[in-house]
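Whatever position you read off the sequence shown (first residue = 1), add 204 for our numbering. Notes follow the structure.
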Amino acid sequence: MSTLSVKSNAGLFNASIVLILIAALLTPFLIYFGTAQSIVAIWNSSETFAHGYIILPISLWLIWKRRQVLSTLSPAPYWPGLLLIAACGFGWLLADLGDVQVVRQYTFVAMLPAIVISMLGLRISWKMAFPLFFLLLAVPFGDVFIEPLINFTADFTVAALQATGIPVLRNGASFEIPSGSWSVVEACSGVRYLISSITLGFLYAYLTYVSRIRQLMFVLLSIIVPIIANGMRAYMIVMIGHLSGMQLAVGVDHLIYGWLFFGLVMFLMFWIGSFWHENKKDVLPVTTANQESEQVKAVPVSRLFIALIGVVISLGIWPLYGNYLARTRFNPATPILNSFHPDWQPTTAFTDWKPYFAPAKTELYQFFSQDKQALGISVLYYRNQSRGAGLISSSNKLVPEKDPVWFNVGSSVRQETIGKQSLSLRESRLQSAAGPLLVWHWYWVGGQFTSNDYLGKVLQTKEEILMRGDDGAALAVFAPYTANPDEARVVMRHFLDSNMTTLEKTLAANKKQ
205 MSTLSVKSNA
215 GLFNASIVLI
225 LIAALLTPFL
235 IYFGTAQSIV
245 AIWNSSETFA
255 HGYIILPISL
265 WLIWKRRQVL
275 STLSPAPYWP
285 GLLLIAACGF
295 GWLLADLGDV
305 QVVRQYTFVA
315 MLPAIVISML
325 GLRISWKMAF
335 PLFFLLLAVP
345 FGDVFIEPLI
355 NFTADFTVAA
365 LQATGIPVLR
375 NGASFEIPSG
385 SWSVVEACSG
395 VRYLISSITL
405 GFLYAYLTYV
415 SRIRQLMFVL
425 LSIIVPIIAN
435 GMRAYMIVMI
445 GHLSGMQLAV
455 GVDHLIYGWL
465 FFGLVMFLMF
475 WIGSFWHENK
485 KDVLPVTTAN
495 QESEQVKAVP
505 VSRLFIALIG
515 VVISLGIWPL
525 YGNYLARTRF
535 NPATPILNSF
545 HPDWQPTTAF
555 TDWKPYFAPA
565 KTELYQFFSQ
575 DKQALGISVL
585 YYRNQSRGAG
595 LISSSNKLVP
605 EKDPVWFNVG
615 SSVRQETIGK
625 QSLSLRESRL
635 QSAAGPLLVW
645 HWYWVGGQFT
655 SNDYLGKVLQ
665 TKEEILMRGD
675 DGAALAVFAP
685 YTANPDEARV
695 VMRHFLDSNM
705 TTLEKTLAAN
715 KKQ
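Written out as structure tokens, the structure reads:
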């Protein structure tokens, strides 16, 4: 009986090999369809990440450019690669339990290079290393940089205006100059320029340079230049508006000037980078007789089918286990949040502000007073959380974007001693026409308090892995003040000293339901 085999002189582009490889690469799209769909949804809804559509075609083009080298090599399944695929699946499961969308998306995309390694082997995969790595740039990641970029742009612009001799009155990311008011918002953060520059920088460095040092230096340049350039862009737009009496650069032309300036900066960066251009050609390795005999060795198609089955199993077990955990964690009981210390009397609302969070299973929103000191408290208790609408999410904010009444002046992390314990919380200063409001907010997850989103996600994932449910709460106390935030801090500290023990017992009792 003859053995069905693939001769190496047909190389990677043998029809049977290509079909099996395509089947393996389509597997994660079928099993993790929801994650793939979430990536495309962000591409469609955000101009910042619209470039994601061209990442795969560029990667395929880069692989096609190496077809002469690849056609001389025969694929050989690399069995340890299945462990890499399983690691990606396990990472996806952890991210799914913690509802960390960007990690789900990264682990999903990382499955594709892992599949190539498992199906074709290390030798062929190494020849496609950069195109496979380039796929990771399709993940819509970068929102985490928006706030730091806003702060940097505001710092740069204010410093440049002051250096020009223009007086500036700053309040957070907003500032006033004699000719008018300006605010650095998300669209002005420069995150679009930064992500576009990094993507182009990686591609340009790979195509232009051979030296790893030169490639690394250009990538670093593609990160630094757009950040500084965006600060210059913001300064020039403010100056155009100032010198024109607020007639120019205050409408659509504001964005047009920005993209024209960014295009000019990118052109100059690539033009300067071209002076260090290195010739890059695919050079076939020198083969010895032993190597040649190894190349013509037949590779049974059955091994590739076995590798394909291994890929399917390595990918499929994690969503199944995740569904099992979801069924075991479900808790139909409704949480109950008790009243607080009797020394604090319920009173009428002194503000209409509420946290802009996803709907919780149970909510406590009350106002109290003692000795003419007013304070509010918000407790959002989450149970049986759904994807994208849970306790810790990027969409959960104290003030929504473009809120017509409230805006967040600034936030910082504080350590407060409440009773006998140290409490880490995030302090935010909110402002409206009615006056300022000081807010302390933090999370309760896994029986612990934290103000850190990342630690909260870790604690949440740990609880679910240990099958202890997904209960958690978002807590906030808030109080008004006139000029000094210490006025509100004293009130909130006093309230928590009286009620923290009761609050902890209430939360713990609900988790044990």
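The beta carbon of each residue, even a glycine, is placed where N, CA and C say it ideally should be.
| Query | Result |
| --- | --- |
| Quick one, are the C-beta atoms of Ala683 and Met696 less than 8 Å apart? | yes |
| Using the Cα positions of Ile262 and Ala433, report the straight-line distance between them to the nearest angstrom. | 27 Å |
| Please specify which runs of the alpha helix (DSSP H), each continuous and at least 4 residues long, are wholly inside the segment 415-454, giving them in chain order. | 416-447 |
| Check whether the segment 579-593 and the segment 279-291 are in contact - that is, three or more C-beta pairs closer than 8 Å. | no |
| Can you find the residues in the same chain that come closer than 6 Å, C-beta to C-beta, to Ser206, ignoring five residues on each side of it along the sequence? | Residue placement at Ser206 cannot be trusted, given a pLDDT of 40 that sits under 50; the coordinates are not used to answer. |
| Using a 10 Å radius around the Cβ and a threshold of 16 neighbouring Cβ atoms, would you call Pro489 buried or exposed? | With a pLDDT of only 46 at Pro489, under 50, the local geometry of the prediction cannot be trusted, and no value is derived from it. |
| Could you spell out where the beta strand (DSSP E) holding Ile370 opens and where it closes? | Note, Ile370: premise wrong, no beta strand (DSSP E); not H, not E. |
| Hey, how far is the Cα of Thr538 from the Cα of Asp675? | 11 Å |
| Fully enclosed by the segment 607-676, which alpha helix (DSSP H) runs are 4 residues long or longer? | 657-669 |
| Tell me, which residues are paired with Leu679 by DSSP? | Val583 and Trp646 |
| Is Thr357 buried or exposed, if buried means 16 or more other CB atoms sit within 10 Å of its CB? | buried |
| State the DSSP-derived secondary structure class of Trp557, mapped to helix, strand or coil. | coil |
| So is Lys661 buried or exposed if we call it buried at 16+ other beta carbons inside 10 Å? | buried |
| Can you list, in chain order, the residues of its chain with a C-beta nearer than 7 Å to that of Ala493? Leave out the 5 residues immediately preceding and following it. | With a pLDDT of 39 at Ala493, under the threshold of 50, the predicted position of this residue should be treated as unreliable, though the coordinate-derived value follows. Hits under 7 Å: none found. |
| Are the C-beta of Ser597 and some C-beta of chain B separated by less than 8 Å? | The chain inventory of the structure shown lacks chain B, comprising one protein chain alone. |
| Exposed or buried, Ser322, counting other C-beta atoms within 10 Å across all chains shown (16 or more means buried)? | buried |
| Nearest to Pro344 by CA position, among Arg396, Leu297, Arg327 and Pro371, is which residue? | Arg396 |
| Tell me the rounded alpha-carbon separation between Tyr658 and Asp303. | 11 Å |
| Can you give me the Cβ contacts of Arg327 inside the same chain, cut-off strictly under 7 Å, excluding the 5 residues immediately before and after it? | Leu277 |
| Val613 to Leu634, Cα distance in whole Å? | 6 Å |
| Does Trp283 come out as helix, strand or coil in the three-state DSSP assignment? | coil |
| Between the C-alpha atoms of Ala364 and Leu229, what's the straight-line distance to the nearest angstrom? | 51 Å |
| Leaving aside the five residues before and after Leu225 along the sequence, list all residues of the same chain whose C-beta is less than 6 Å from its C-beta, in chain order. | Met323 |
| What are the boundary residues of the alpha helix (DSSP H) that Thr231 is part of? | Ala219 to Ile235 |
| With H, G and I counted as helix, E and B as strand and the rest as coil, what does DSSP make of Glu605? | coil |
| Mind checking Gly238: buried by the 16 CB within 10 Å criterion, or exposed? | exposed |
| For Gly302, name the three-state secondary structure that DSSP assigns. | helix |
| If I follow the unbroken alpha helix (DSSP H) through Leu404, where does it start and stop? | Val395 to Thr412 |
| Between Glu708, Gly639 and Lys624, which has its C-alpha nearest Val722's C-alpha? | In the structure as shown, the chain starts at 205 and stops at 717, and residue 722 therefore has no counterpart that could be examined. |
| If distances are taken between C-alpha atoms only, which option among Met332, Asn714 and Pro279 comes closest to Asn535? | Asn714 |
| Which residue marks the beginning of the alpha helix (DSSP H) containing Thr566, and which one marks its end? | Counting along the chain, Thr566 falls outside any alpha helix (DSSP H), though it belongs to the beta strand (DSSP E) covering Thr566 to Gln574. |
| Is it buried or exposed for Asp575, if we count other Cβ within 10 angstroms and need 16 for buried? | exposed |
| Per DSSP, which one or two residues make a beta bridge with Ile381? | Gly384 |
| Identify every run of the alpha helix (DSSP H) within the segment 496-552, keeping only runs that are complete inside it and at least 4 residues long; order them along the chain. | 505-533 |
| Go ahead and pull the three-state DSSP assignment for Ser590. | strand |
| Where DSSP assigns a beta bridge to Gln577, which residues make up the other side? | Gln574 |
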